[in-house]
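Protein chains in written order, with my numbering: chain P, 1 to 110; chain D, 111 to 657; chain X, 658 to 875. Idealized CB from N, CA, C, for every residue including glycine.
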Amino acid sequence: MKAPPLPLLFTWAALLGLLAATLGLAYVPMPGPMNVVVALGISVAKALLVLALFMKLFRAPALTRAAAAAGLFWLAILFALSATDYLTRKVEHAGDLPAPTGREHQPGNR
Amino acid sequence: MTIATVTGKPGEPVVATKNYLTEEGVTLRSWLLTKDHKRIAILYTLSITVFFFVGGAAATLIRLNLVTPAGIFTPDIYNRLFTLHGIIMVWFFLIPSIPNTMGNFLIPLMIGAKDLAFPRLNLLSWYLYVGAGLLALFAILVGGVDTGWTFYTPFSSMYSNGYVVLALAAVFAVGFSSILTGLNFIVTTHRLRAPGMTWYRLPVFVWSNYATSVIMVLATPVLAITLALVAVERLLRVGIFDPALGGDPLLFQHLFWFYSHPAVYIMILPGFGVISEIVPCFARKPLFGYKFVVWSSITIAVIGFFVWAHHMFVAGISLYAGLVFSLLSYVIAVPSAIKVFNWTATLHKGWISFDAPMLYALGFIGLFTIGGLTGLFVANLAFDVHVTDTYFVVAHFHYIMVGGMVSAYFGGLHYWWPKITGRLYPEWWARIAALLIFFGFNLTFFPQFILGYLGMERRYYAYPPEFQFWNILSSAGASILAVGYALPLFYLGWSLVRGKRAGANPWAATGLEWQTSSPPPTHNFDKTPTVTRPPYQYRPEAEPQDA
Amino acid sequence: MPEAPANPMPEPQYATMEQQADTAAFGMWVFLATEILFFGGMLLAYTWLRASYPEGVAEAGRHTRIVIGSVNTLVLLTSSFTMAWAVHAAEHEQRRALVRLLAVTALLGLLFLGLKGYEYHTEWTEHLVPGLNFHEESAHAQAIELFYFLYFLLTGIHGIHVTIGIGLIVVMAVRARRGAFSSRYYTPVEVTGLYWHFVDIVWIFLYPLIYLVGRSGP
């Protein structure tokens, strides 16, 4: 069996390097949400490597790239517009409320 | 391919014997294993008709119950009836109605292709649809599902006693049917257009179905996973959607409406496509503002995803989110209005003839406009608080879904009936049915606007006696509507046997589908057509639209 | 079973094999767009959970099996590499290499599933399966249970995708052995590869969301 093509081999090595990095950095305490930002940043880098070199997305026809972009764009819609509610909703946490009993609106209860 | 001819009755057009109805054989097996998009369209049409009348029967019983304030059925039966009506009509009639029947049949014909890109997926989609439909009927009829079509948690996940999991599984499966269809249409429209068929030469019907398919492919998976979560939650009693267990019921509603609001546009965009074909043909004029009509469809498909939480104004979302979604909901009225103005402008100074398809199309324009304008009412935060969960909302969406989409479905069915079957239907019967449907529809649903405004809540089996007058009007209208919907079964069925032979192009319409024989041969065209002109060239001397 | 010839004719709706191949790849990409939204619904639920119960999720994250999760990431990344290599071999008509690489990819997939199964087993014995045997003394028990609910759903549905992928790869390996592919016609291998890489990408995001949460904490 012939040796693997070098670009693929390097991509694999880079992916393993990023895996080691994300695992190590996860144990380093960072301020605020930085741990998750770093972890997801590394995930994005890994995903881009797979998309670019394994799936050859950026050499694919514009149409193919549009399909991939559409999936991500619509995912962004789902998150962004849900955030308009969740980031501005001022209620006590749902888990802190008493469990509904279904008897809240009995006539004697008003 | 050679076209053999048979001798018809004197004076009738000759007819191709080699057509898709007979070419592959006439055995049941040849139909159930077919890969021909036209045959699959017929399979869909037959099964959709069955579900339409099942859902319609439930609606009839609902209206019967509401004739008297005390109701006729028990509350349990009534809850099951509106659940049956909602689930069947939304997922087993409206969503697949035009795309899977006429879209399946016509998209390859209109773009000059021999079939859809993935014929096997197309057949798989039909089997998923039928399997899911039977499962849904079983779950609702035998297991008494009473959640309504919206499956709101925690009622659906914790308290309801019916076969909710089976009903969820059925909707999950029919979702994949619609994803496969959407995928097929998108890929076909991109990859299989005939030489010269540029994007701006595509009929609006193809554009509309393309926009619909984008929604199907990108919204339906969210519904599927959400319903799967509800099912697991119900089975395991763990609640991401149940406040008693630490979950958030609004999360369910966000995910559900992320699909179900765009799904409203799945249910109306194909109707826009049908109307955009019928109006130019029977006004004998090119479609006014072709590019505006086309891009308004695409805009609706995208902005349709930005408005979902207007279904949740009183559910406990933040006021800020309410404002954002209210404003975005106003925005989507713009592309919808653009379409109505363009159809109206197409009629202006046209040579209008009032054949049955045109009657349905004109009915569509009026009823859709009423449905759309009342949509602006409920997009308004303050007004929505007054009419949420009342018959005002019921009337609003029935004006869009039934007055709009079902009218478009019947209009399209009549318009392309000669192409699909090779036969002409009896024109006068068709006109009578169209008028009955229009009259019956308005009598059924206009009183519901008033009822809702006066405060009658939806989904209750009983109501205060002062609402009875309007309810009787509504139920009377429903009986007329039922006759109107049943009539085509008889005269269209009759035309299959006794109807006159249609010929290739009975309406003298433009469009590639009218250039091949009726019914078309299995591979649609003897020779792949080459397209040189924009669509709707009804008066070639009029200024060309193709810049 | 007779196999398709190495240079088969396109289906009737296509003019050329090239058009058919491009169309199949495009179709797979549209399907992957669907898949993004399919996982997206669960990811929104996860985001909600993590924002609502940060301490509970962090505590739950520290319960997860970091070694198995990391080794599995290594396995899946490697399988993606062998898959890409297999497509390269198909393109250059190296039939034996293609068959072997597909077999290695499928075996790595099975290894992933095996490790995942072992992980599920340990979670069962530690009473971490919501709804079936969940038992947790922590103050955040409710949040931890919800975390594990999403954990089993996300990894379970991902596992179903891995299983389907293995099935497709095995079919491709069998067809490759029979000589069904050539440098002119290897679309099925390419499309299977796209699916497999997508499954890998999903895992690339699940790994930090499940296993790395709360690791820097107490």
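Distance, residue j Cα to residue i Cα
i	j	result
residue 643 of chain D	residue 37 of chain P	54 Å
residue 740 of chain X	residue 157 of chain D	42 Å
residue 115 of chain D	residue 207 of chain D	Low confidence applies to residue 115 of chain D: its pLDDT is 39, below 50, so where it sits in the model is not reliable enough to give any reading.
residue 221 of chain D	residue 302 of chain D	7 Å
residue 597 of chain D	residue 551 of chain D	15 Å
residue 113 of chain D	residue 224 of chain D	Confidence at residue 113 of chain D is low in this model, with a pLDDT of 37, below 50, so the placement of that residue is unreliable and no value is reported for it.
residue 210 of chain D	residue 199 of chain D	15 Å
residue 748 of chain X	residue 484 of chain D	58 Å
residue 242 of chain D	residue 161 of chain D	12 Å
residue 111 of chain D	residue 274 of chain D	With a pLDDT of 33 at residue 111 of chain D, under the threshold of 50, the predicted position of this residue should be treated as unreliable, though the coordinate-derived value follows. One C-alpha to the other measures close to 53 Å.
residue 71 of chain P	residue 856 of chain X	15 Å
residue 703 of chain X	residue 240 of chain D	34 Å
residue 280 of chain D	residue 817 of chain X	19 Å
residue 831 of chain X	residue 754 of chain X	13 Å
residue 381 of chain D	residue 214 of chain D	14 Å
residue 23 of chain P	residue 766 of chain X	22 Å
residue 558 of chain D	residue 587 of chain D	11 Å
residue 439 of chain D	residue 272 of chain D	35 Å
residue 682 of chain X	residue 247 of chain D	37 Å
residue 757 of chain X	residue 834 of chain X	9 Å
residue 652 of chain D	residue 699 of chain X	Below a pLDDT of 50, predicted positions are generally treated as unreliable, and residue 652 of chain D, at 47, falls in that range; the measurement from the model is reported next regardless. So the alpha carbons of these two residues sit roughly 54 Å apart.
residue 328 of chain D	residue 608 of chain D	44 Å
residue 577 of chain D	residue 563 of chain D	11 Å
residue 478 of chain D	residue 312 of chain D	24 Å
residue 178 of chain D	residue 386 of chain D	42 Å
residue 633 of chain D	residue 419 of chain D	45 Å
Residue environment, residue i, which counts as buried when at least 16 other CB atoms sit within 10 Å
i	result
residue 620 of chain D	buried
residue 828 of chain X	exposed
residue 600 of chain D	exposed
residue 575 of chain D	exposed
residue 800 of chain X	buried
residue 120 of chain D	Only weak support exists for where residue 120 of chain D lies, its pLDDT of 45 falling under 50; the value from the coordinates is given anyway. So residue 120 of chain D ends up on the exposed side.
residue 454 of chain D	exposed
residue 821 of chain X	exposed
residue 709 of chain X	buried
residue 761 of chain X	buried
residue 779 of chain X	exposed
residue 149 of chain D	buried
residue 434 of chain D	buried
residue 555 of chain D	buried
residue 464 of chain D	exposed
residue 658 of chain X	Unreliable positioning characterises residue 658 of chain X in this predicted model, as indicated by a pLDDT of 40, which lies under 50. The coordinate reading is nonetheless provided below. Exposed, since its Cβ has fewer than 16 Cβ neighbours within 10 Å.
residue 848 of chain X	buried
The ligand NAP heavy atom lying under 7 Å from the CB of residue i
i	result
residue 212 of chain D	Questions concerning the ligand NAP fall outside what the structure shown contains, since it holds no ligand whatsoever.
Practice task
Count the CB pairs spanning the region 485-495 of chain D and the region 513-524 of chain D that are closer than 8 Å, and state whether there are at least three.
Solution key: They do not touch, by the three-pair rule.
Exercise for the section: Decide if the region 355-374 of chain D is in contact with the region 320-340 of chain D; the criterion is three or more beta carbon pairs, one per stretch, under 8 Å apart. Expected result: At 8 Å Cβ cutoff, the stretches touch.
Practice task
Could you run through the region 353-380 of chain D and flag, in chain order, every residue whose CB is less than 9 Å away from some CB of chain P?
Solution key: Answer in chain order: 353, 354, 355, 356, 357, 358, 359, 360, 361, 364, 365, 368.
Problem - Inter-stretch contact at 8 Å, needing at least 3 Cβ pairs: the region 230-250 of chain D / the region 280-289 of chain D - result: Taking one beta carbon from each stretch, the region 230-250 of chain D and the region 280-289 of chain D have 3 or more pairs nearer than 8 Å; the two touch.
Handout entry: alpha helix (DSSP H) runs contained entirely in the region 526-568 of chain D, provided each spans 4 or more residues
Key = Whole alpha helix (DSSP H) segments, 4+ residues: 537-564.
Problem - Chain-ordered residues of the region 745-770 of chain X with a beta carbon less than 9 Å from chain P - result: Hits within the stretch, in order: 745, 746, 749, 751, 753, 754, 757, 758.
Problem - Cβ pair count under 8 Å reaching 3, the region 663-675 of chain X against the region 308-322 of chain D - result: Two segments are said to touch when three or more pairs of C-beta atoms, one from each, lie closer than 8 Å; by this definition the region 663-675 of chain X does not touch the region 308-322 of chain D.
Handout entry: Entirely enclosed beta strand (DSSP E) segments - the region 359-405 of chain D, minimum 3 residues
Key = Counting only runs of 3 or more, we get nothing.
Exercise for the section: Residues of the region 281-298 of chain D with a CB closer than 7 Å to any CB of chain X: list them in chain order, please. Expected result: Here the close residues are 289, 293, 296, 297.
Exercise for the section: May I ask you to list, following chain order, the residues of the region 857-871 of chain X that have a beta carbon less than 7 Å from some beta carbon of chain P? Expected result: The region 857-871 of chain X vs chain P, Cβ under 7 Å: 857, 858, 861, 862, 865, 869.
Exercise for the section: Taking a Cβ distance cut-off of 8 Å, strictly less, list which residues of the region 59-84 of chain P are near chain D, in chain order. Expected result: From the region 59-84 of chain P, only 63, 70, 71, 74, 77, 78, 81, 82, 84 have a Cβ closer than 8 Å to chain D.
Handout entry: Proximal residues, the region 28-60 of chain P versus chain X, C-beta separation under 8 Å
Key = Residues of the region 28-60 of chain P with a C-beta atom less than 8 Å from some C-beta of chain X are 28, 29, 30, 35, 36, 39, 40, 42, 43, 46, 47, 50, 51, 53, 54, 55, 60, listed in chain order.
Exercise for the section: Check each residue of the region 790-803 of chain X: if its Cβ is closer than 9 Å to any Cβ of chain D, include it; give the result in chain order. Expected result: Within the region 790-803 of chain X, the residues whose Cβ lies closer than 9 Å to some Cβ of chain D are 791, 799, 800, 802, 803, listed in chain order.
Practice task
Below 7 Å between beta carbons is the criterion; list the residues of the region 503-536 of chain D that meet it against any residue of chain X, in chain order.
Solution key: When CB distances to chain X are screened at a threshold of 7 Å, not a single residue of the region 503-536 of chain D falls below it.
Practice task
Check whether the region 252-261 of chain D touches the region 181-193 of chain D, counting contact only when three or more Cβ pairs, one atom from each stretch, lie closer than 8 Å.
Solution key: Touching, per the Cβ criterion.
Practice task
Could you name the residues of the region 10-25 of chain P whose beta carbon sits closer than 7 Å to any beta carbon of chain D, in the order they occur along the chain?
Solution key: Under the 7 Å Cβ criterion, the region 10-25 of chain P contributes no residue.
Problem - Meets three-Cβ-pair contact criterion under 8 Å: the region 45-59 of chain P and the region 380-397 of chain D - result: Contact fails: fewer than three Cβ-Cβ distances are below 8 Å.
Handout entry: 4 or more residues per run - each alpha helix (DSSP H) lying fully within the region 698-728 of chain X
Key = For the region 698-728 of chain X, whole alpha helix (DSSP H) runs of length 4 or above, ordered along the chain, are 711-720.
Handout entry: Residues from the region 678-706 of chain X in contact with chain D, defined by Cβ distance under 9 Å
Key = Listed by position along the chain: 679, 680, 681, 683, 684, 687, 688, 690, 691, 692, 693, 694, 695, 696, 697, 698, 699, 701, 702, 705, 706.
Handout entry: Contiguous alpha helix (DSSP H) assignments of at least 4 residues, all confined to the region 170-227 of chain D
Key = Counting whole runs of 4 or more residues, the region 170-227 of chain D contains the alpha helix (DSSP H) stretches 185-197, 205-208, 214-221.
Exercise for the section: Could you name each continuous alpha helix (DSSP H) segment of 4 residues or more that falls completely within the region 468-537 of chain D, going from the start of the chain to the end? Expected result: Runs found: 491-497, 501-508, 517-531.
Exercise for the section: Anything in the region 818-842 of chain X with a Cβ closer than 7 Å to a Cβ of chain P? List those residues in chain order, please. Expected result: Of all residues in the region 818-842 of chain X, none has a Cβ within less than 7 Å of some Cβ in chain P.
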